[in-house]
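Heads up: the structure comes next, in structure tokens.
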Amino acid sequence: LYDVRDLIAVKGAKELLAAGLSLQRVRRSLDALRIKLPGVSAPLARLRIRCEHDTVIVDESEHAFEAATGQVLLNFAVDALRQEAAKVLTLPIPDRSGDDEAGAGAPSDAYEWFLHGTELEGEWDGVDPEEPAFAAARAAYERALELDPGLAAAYTNLGSLLAAAGDLDGARDCYDQALHFDPDQPEAQGNLAALALRAGDPETAIAGYRQLLRGAPENLEAHYGLARALLEVGSRGPALAHLDRFCRGVDRLAAEDRDASLLERRGHAEIVASALRRELSGS
């Protein structure tokens, strides 16, 4: 039987979904709440939960915090902020016709900001999120999404940037958003599967990679990732088949499309494949 709290919880979940959040994000937010507030068995029934700018916010007593992270939010006076924002919007636009050329090449639309983000990301060392290039690339992708909230590629690149910096939850949210706007995007599908494997969930990774391969049978990253996930669960024969598909696919690429990283992984895949053949043949 369902009690009143259950009905309230269902109503709250429906409101979050109606606000545009994906089912995965709602579920993760509720799971996070149960961990952070173990005394609250039905968070949607006991707390006021709302969606604000694609973030699940919890209002509890005198405080508000993000459901996913537990970060307490400052309680600004919303009406006062709106009034100040209105004043800023009515200010005259300054005449920048005399500016030097430094600002002449600044991005002017969402796609240009996206391209600018890829350039800045290329300047990052891929290790230290404190580097200026990381912050600049992130800001560029976020600016692109402000201008075009449906730019799926920007969500995917931002997710990859966050994943490289260790923010797996933030990356997962970005990939979810990318697939919300572009359900068949192979990059986001593959990256979600890679995150699952990285998080120690090979079964979810296997399902994700197989779904990707149904739509893109020659996707090299999917064959490589699926082989790794299958090895995690002990499926050596199928793993060998996907390693072979990966190696043959790399060999068919034009020379200019085979970078050092891809060739290194191809060499590693061949070593593992050879070991699997010996093991499976009993020699």
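Quick note on numbering: the sequence shown equals residues 14 to 296 in this note's numbering.
Backbone N, C-alpha and C define an ideal beta-carbon position, used for all residues, glycine too.
For clarity, every value in this text was computed on a predicted model and none was experimentally measured.
Residues of its chain near residue i, where Cβ-Cβ distance is below 8 Å and the 5 sequence neighbours each way are ignored
{"i": "aspartate 197", "result": "Gly228"}
{"i": "alanine 267", "result": "none"}
{"i": "glycine 203", "result": "Gly221, Tyr222, Leu225, Asn232, Glu234, Ala235 and Gly238"}
{"i": "leucine 160", "result": "Asp122, Ala123 and Trp126"}
{"i": "glutamate 155", "result": "Leu171"}
Pair within 7 Å by beta-carbon distance, residue i and residue j
{"i": "leucine 233", "j": "glycine 221", "result": "no"}
{"i": "alanine 178", "j": "proline 142", "result": "yes"}
{"i": "leucine 164", "j": "alanine 123", "result": "yes"}
{"i": "alanine 157", "j": "tryptophan 137", "result": "no"}
{"i": "alanine 153", "j": "glycine 130", "result": "yes"}
{"i": "threonine 217", "j": "alanine 207", "result": "no"}
{"i": "alanine 235", "j": "leucine 226", "result": "yes"}
{"i": "leucine 289", "j": "arginine 249", "result": "yes"}
Supposed contact pair residue j and residue i - C-beta distance, whole angstroms, cut 8 Å
{"i": "cysteine 260", "j": "arginine 279", "result": "6 Å"}
Reference residue i, options the options, closest by Cα
{"i": "alanine 191", "options": "Ala148, Ala273, Asp257 and Tyr168", "result": "Tyr168"}
{"i": "alanine 148", "options": "Glu159, Pro162 and Leu133", "result": "Leu133"}
{"i": "aspartate 214", "options": "Glu277, Gly238, Ala201 and Leu174", "result": "Gly238"}
{"i": "aspartate 195", "options": "Asp180, Gly262, Pro162 and Ala286", "result": "Pro162"}
{"i": "glycine 135", "options": "Ser173, Glu155 and Glu269", "result": "Ser173"}
{"i": "arginine 211", "options": "Ala267, Arg223, Arg185 and Gly262", "result": "Arg185"}
{"i": "glutamate 292", "options": "Leu253, Ala146 and Glu144", "result": "Leu253"}
{"i": "proline 230", "options": "Pro199, Glu277, Ala150 and Gly247", "result": "Pro199"}
{"i": "aspartate 180", "options": "Leu160, Arg151, Ala166 and His193", "result": "Arg151"}
{"i": "valine 246", "options": "Leu30, Glu269, Ile219 and Glu155", "result": "Ile219"}
Close-in-space but distant-in-sequence residues of the same chain around residue i (CB under 7 Å, 5 per side omitted)
{"i": "histidine 281", "result": "none"}
{"i": "leucine 275", "result": "Val263"}
{"i": "leucine 256", "result": "Ala240, Ala282, Val285 and Ala286"}
{"i": "proline 175", "result": "The amino acid occupying residue 175 in the given sequence is leucine; proline does not appear at that position. These residues qualify, in order along the chain: Gly183, Ala184 and Cys187."}
{"i": "valine 140", "result": "none"}
{"i": "alanine 166", "result": "Phe127"}
{"i": "glutamate 144", "result": "Trp137 and Asp138"}
{"i": "arginine 271", "result": "Val263"}
Own chain residues within Cβ distance below 6 Å of residue i, not counting five before or after
{"i": "alanine 201", "result": "Thr169, Tyr188, Ala191 and Leu192"}
{"i": "proline 251", "result": "Leu243"}
{"i": "alanine 146", "result": "Leu133, Glu136 and Trp137"}
{"i": "alanine 273", "result": "none"}
Chain B contact for residue i (CB, 7 Å cutoff)
{"i": "alanine 146", "result": "As a matter of chain content, chain B is missing from the structure shown, which is built from one protein chain."}
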